[in-house]
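Throughout, this note's numbering is defined as the position within the sequence shown, counted from one, plus 2. Glycine included, every Cβ here is placed at the ideal spot set by N, Cα and C. All values derive from a computational prediction rather than experimental measurement.
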Amino acid sequence: QGNSSLLRMVTLKMMLLTLEHGISPASPVAVGWYGALLCGVYDDIEKGYQFGKWALEMQKRFGSKEYEAKLIFLFNVFIRPWKEHIGESLEPLRSVSQSGIGAGDLEYTYHCAVHYCCGLLCTGKPLEYIHQQQMEFLEITGRYRLEFHNDFERIWGQMVLNFMGRSADPCQLRGELLAD
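Next comes the structure, spelled out in structure tokens:
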């Protein structure tokens, strides 16, 4: 369970620290979260999108791989879909889901992977292809013991299997990937 008040307070504190002490390699994350809040909480999509783009530009300038997966996830899941078609987010999410391990950010690398697969489904890509991608990510999240990501991907994976007719009851998320 998330606490949106805490997220707002932490984000605003990070922004204040950036304003008081200058831009650091972590600043793009603060700016990105601020953009996400503007879009999703304060209903200012234009400004939120601008802050999101600015965060990406800052990230490029610093070149800090440490925060790259976090920022790509943040922009493509919480900001970009307010203004652009979700299909525009697929390539950046896929790219990070395949390259982010090298930077050591397994958590956000696989947040990108899970949302990449969700985006494939939401944009009508072939179910067999989506299932193949999900199976690759499930293998990796299992290997790294990323339980949250693995469980989340299993839910979406079982839904894809249901759509493919590979479950006893298509209205129940039970089958190959999810047991009772």
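*Residues of its chain near K72, where Cβ-Cβ distance is below 6 Å and the 5 sequence neighbours each way are ignored*: Along the sequence shown, one-based indexing puts residue 72 at 70. Closer than 6 Å at Cβ, skipping near neighbours: V31, Y110.
*Determine, using beta-carbon pairs with one atom in the stretch 22-36 and one in the stretch 60-75, whether at least three such pairs fall under 8 Å.*
yes
*Secondary structure at Q3, three-state DSSP: helix, strand or coil?*
Here residue 3 refers to the residue found at position 1 of the sequence shown. The predicted position of Q3 is uncertain, since its pLDDT is 48 and thus under 50; a value taken from the coordinates is nonetheless stated next. Correct three-state label for Q3: coil.
*Do M16 and S7 come within 9 Å of each other at the CB atom, strictly closer than that value?*
Translated into positions along the sequence shown, residue 7 becomes position 5. Translated into positions along the sequence shown, residue 16 becomes position 14. No. Outside cutoff.
*Does the beta-carbon of Q3 have 16 or more other beta-carbons within 10 angstroms, so that it is buried, or is it exposed?*
Your numbering for residue 3 matches position 1 in the sequence shown. Reliability fails at Q3, whose pLDDT of 48 lies under 50, so the model's placement of it is uncertain and the value that follows must be treated cautiously. Answer is exposed; the Cβ neighbour count stays below 16.
_Between the CA atoms of L122 and E130 - distance to the nearest angstrom_ = Here residue 130 is taken as the residue at index 128 of the sequence shown, counted from 1. Here residue 122 is taken as the residue at index 120 of the sequence shown, counted from 1. Distance between the alpha carbons of E130 and L122: 11 Å.
*Whole-number beta carbon distance between H151 and V98, since they are thought to touch under 8 Å*: On the sequence shown, position 96 is the one that residue 98 refers to. On the sequence shown, position 149 is the one that residue 151 refers to. About 13 Å separates the two Cβ atoms, so there is no contact after all.
*For I157, name the three-state secondary structure that DSSP assigns.*
Residue 157 sits at position 155 when you count from the first residue of the sequence shown. Three-state DSSP puts I157 in a helix.
_According to DSSP, simplified to helix, strand and coil, what is T2?_
This structure leaves residue 2 out entirely; the chain is present only between 3 and 182.
*asked:* Buried or exposed for D171, going by 16 or more other Cβ atoms inside 10 Å?
replied: Within the sequence shown, residue 171 is the residue found at index 169, counting from 1. Result: exposed.
*Out of curiosity, what's the CA-to-CA distance linking L14 and F53?*
For this step, residue 14 is matched to residue 12 along the sequence shown. For this step, residue 53 is matched to residue 51 along the sequence shown. Their backbone Cα atoms lie some 13 Å apart in a straight line.
_Contact set for N78: own chain, Cβ-Cβ below 6 Å, skip 5 residues either direction_ = Here residue 78 is taken as the residue at index 76 of the sequence shown, counted from 1. Excluding residues within five positions, the ones whose Cβ falls inside 6 Å are S91, P94, L95.
_If the criterion is Cβ atoms closer than 9 Å, does the pair K127 and G104 meet it?_
Position 125 of the sequence shown, counted from the first residue, corresponds to residue 127. Position 102 of the sequence shown, counted from the first residue, corresponds to residue 104. No, the pair does not count as a contact, with Cβ atoms beyond the cut-off.
*Three-state secondary structure (DSSP) at I74?*
Here residue 74 corresponds to residue number 72 of the sequence shown, with the count starting at 1. DSSP places I74 in helix when its eight states are reduced to three.
_As a quick exercise: from G89, Y69, G177, Q136, pick the residue whose alpha carbon is nearest that of D107._
Numbered from 1 along the sequence shown, position 105 holds the residue referred to as residue 107. Among G89, Y69, G177, Q136, the Cα nearest to that of D107 belongs to Y69.
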